[in-house]
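In the UniProt record's numbering, the protein residues as written are 1 to 645. Just so it is clear, CB atoms sit at the ideal spot from N, CA and C, and this is done for glycine as well.
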């Protein structure tokens, strides 16, 4: 029995050691309690501590098979030791054992062979989406990693040196490279942004900057009409368009470029060219580059340089005479999606006033910046800005999280005038005048507006000739200003709410005090009224008794003289107060006369009873019509009054 008890204790010690090794619970008392709750079933106890999705390996082996080894194969040195008759060292009992495998290579706990095999608790993994210009990188790291490790991975993926990399988007603000992700208390999914102010823009960005410079230059086009054998010299600014493309972006030579124009023969001569679509072919004499065939666009040669109008142009971003601003914004959003794709900022559908209310006038914690996007199809920068800036994943995500984005199309003068009227009403004449000063080629514009207590302030006006990095930095700069103001507003709002709460509590306490005083006063008034009523009733009763007493006293027959020759009964009556009432009555008097006499002295028949001393008799129970002689109250008798119960 002692041997069995010793083996049982040894098994429990081994199970306890394995349970602590696999769950990380150092408190022995807590571990024993958990095991006892599961009847020392190791797998059941660990299943109760470690969630099932973390990798509890279920065993279908019998209790006999569970005695075998159910963990990773031993190393060569351990196998040699086992072959020599030794035992594989327990990981908790030897510090010289090999280091445990990482979580990515093995998920098993090394436990005693007599216990069932289980899986270690997996570390928490965090997902990161990092946007850099036009690229996005998906990362998955352990919670124990550092910010510097993320930058090292991004250096490999993006080719950006860590020293020139700014990793933004942390909820806690800027963090150092040595900061542990665990200390930031991050959610499972996170979005970050990489900014590289010290690195020159990409080739496409450089090309965009060069294009902006070319827009301000004048181009001389020498056009040779072959059929008429005439030459035309035309001067145009770089912003003049050939349908969708500007001269600056078309690749022609600067400052002078030679062109020739002729009518191209059509393979089907039966079909005459229409009035709108002249069949004109323009050939560049420089390196044989061809311009787009004007017939594909349905325009004549003058219209090809932006000097005419065409019914073949793309539909406008916003109808010109829309009565409802919400309908105009719906049309704008649909057209924007049609041109540039579904990935774009979520435009607010409604009036500018409604967008301002949504952004500025809620709770301080819920307020946002207002981003007003102003589109102009006549600007060469519109397509580039919309496709590369407004549709960049990082910009879309940042605007969606931190801004209310409202848009308007100012291509048509009527729509522009309508916008200026709205801006004057909501933001004042300064903002309106600022918008007026921008030329068509400087559009599109992105106005960042912050709401203040007294007025709304335009923090930034971002023009179309910018890059994704610069746009993101300017948005984040505005966000920093807004966050500082928002923290002050939250503090003021919390203090105001605290004051209002104290005031409400004081008002409620005062109301309750008034209510208690009112109830107390009403109770006191009711009590006083009751006392008055009772007093009045008492007086009325006393008056009634007094009236009855007087009437009885007046109705009494006169007291006979002792010397009269009639039979006289002399009665002596002791009252409850100890006083005595004495009177002479004729022996022939009725008992009712005696009762009336006693009542006239304040002792009514209804409240008192009249008794003889010895033998004890209750006179008031006798017939009031009998005489004193019949009641044996003659010639004299001593009686006493007693209150009825």
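Q) Around the Cβ of residue 273, are there at least 16 other Cβ atoms within 10 angstroms (buried) or fewer (exposed)? A) Confidence at residue 273 is low in this model, with a pLDDT of 40, below 50, so the placement of that residue should be treated as unreliable; the coordinate-derived value is given next. So residue 273 counts as exposed.
Leaving out five residues before and five after residue 552 in sequence, what residues of the same chain have Cβ atoms less than 6 Å from its Cβ? 596, 599, 600
Would residue 475 and residue 374 be called neighbours here (beta carbons separated by less than 8 Å)? no
As an exercise, report each continuous alpha helix (DSSP H) stretch of at least 4 residues that is fully enclosed by the UniProt domain "Ubiquitin-like" (126-195), in chain order.
147-158
Whole-angstrom distance between residue 534 and residue 622, CA atom to CA atom: 35 Å
Report task. May I ask you to report which of helix, strand or coil DSSP gives residue 456? Result -> strand
Contact between the region 427-434 and the region 358-366 (3+ Cβ pairs under 8 Å): no
Original post:
Where DSSP assigns a beta bridge to residue 40, which residues make up the other side?
Top reply: In DSSP, residue 40 forms no bridge with anything.
- prompt: Where do the ends of the alpha helix (DSSP H) carrying residue 344 lie?
  reply: No alpha helix (DSSP H) contains residue 344, which DSSP labels as neither H nor E.
Margin query: So, with DSSP's three-state summary, where would you put residue 567?
Written below: coil
Review point. Helix, strand or coil for residue 608 per DSSP?
Key: strand
| task | Grab me the residues of residue 482's own chain with a C-beta within less than 7 Å of its C-beta, minus the 5 sequence neighbours each way, in chain order. | result | 369, 450
**Given residue 132 as reference, the closest of 392, 456, 484, 123 once Cα atoms are compared** = 392
### Message
If I measure Cβ to Cβ from residue 44 and keep anything under 7 Å in the same chain, skipping five residues before and after, which residues do I get?
### Response
38
| Roughly how many angstroms lie between the CA atoms of residue 63 and residue 13, to the nearest whole one? | Reliability fails at residue 63, whose pLDDT of 39 lies under 50, so the model's placement of it is uncertain and the value that follows must be treated cautiously. Taking the straight line joining both Cα atoms gives about 18 Å.
Neighbourhood of residue 463 by C-beta, 7 Å cutoff - its chain only, sequence neighbours within 5 removed: 442, 445
Locate the alpha helix (DSSP H) running through residue 451, then write down its first and last residues.
Per DSSP, residue 451 belongs to no alpha helix (DSSP H); it is in the beta strand (DSSP E), 445-451.
**Prompt:** For residue 633, does the three-state DSSP call read helix, strand or coil?
**Reply:** coil
Checklist line | DSSP state of residue 21 mapped onto helix, strand, coil | finding: helix
Tell me whether the beta-carbon of residue 411 lies closer than 8 Å to the beta-carbon of residue 376. yes
Using the beta-carbon count (16 or more within 10 Å), is residue 644 buried or exposed? exposed
#### Entry: Given residue 386 as reference, the closest of 394, 357, 344, 420 once Cα atoms are compared
344
Reference residue 638; option with closest CA among 587, 496, 572, 586:
572
Check whether the Cβ atoms of residue 315 and residue 335 sit closer than 8 Å, and answer yes or no.
yes
Going by beta carbon distance, what residues of the same chain come within less than 6 Å of residue 456, once the five residues before and after it are set aside? 427, 449
Quick one: using the 10 Å Cβ neighbour count with 16 as the cut-off for buried, is residue 415 buried or exposed?
buried
(message) For a test of your reading of the model: does the CB of residue 591 fall under 7 Å from any non-hydrogen atom of the ligand ADP? Yes or no.
(response) In the structure shown, the ligand ADP is absent, as is every other ligand, since no ligand is present at all.
When burial is assigned at 16 or more other CB atoms within 10 Å of the CB, is residue 590 buried or exposed? buried
Would you decide whether residue 537 is buried or exposed? Buried here means 16 or more other CB atoms lie within 10 Å of its CB.
exposed
Exercise for review: Using 10 angstroms around the beta-carbon of residue 563, count the other beta-carbons present and answer buried if the total reaches 16, otherwise exposed.
Suggested key: exposed
Residues that DSSP places opposite residue 623 in a beta bridge: In the DSSP output, where bridge partners are listed per residue, residue 623 has none listed.
| query | Taking the beta strand (DSSP E) that residue 405 falls in, what are its first and last residues? | reply | 403-409
task = Round the Cβ separation of residue 148 and residue 178 to the nearest angstrom and send it over; I've been treating them as touching at under 8 Å.
result = 6 Å
- Alpha carbon to alpha carbon, what distance is there between residue 164 and residue 396? 24 Å
On the criterion of 16 or more Cβ atoms from any shown chain inside 10 Å, does residue 194 qualify as buried, or is it exposed? buried
Exposed or buried, what is residue 125 when buried is set at 16 or more other beta-carbons lying within 10 Å of its beta-carbon?
-> exposed
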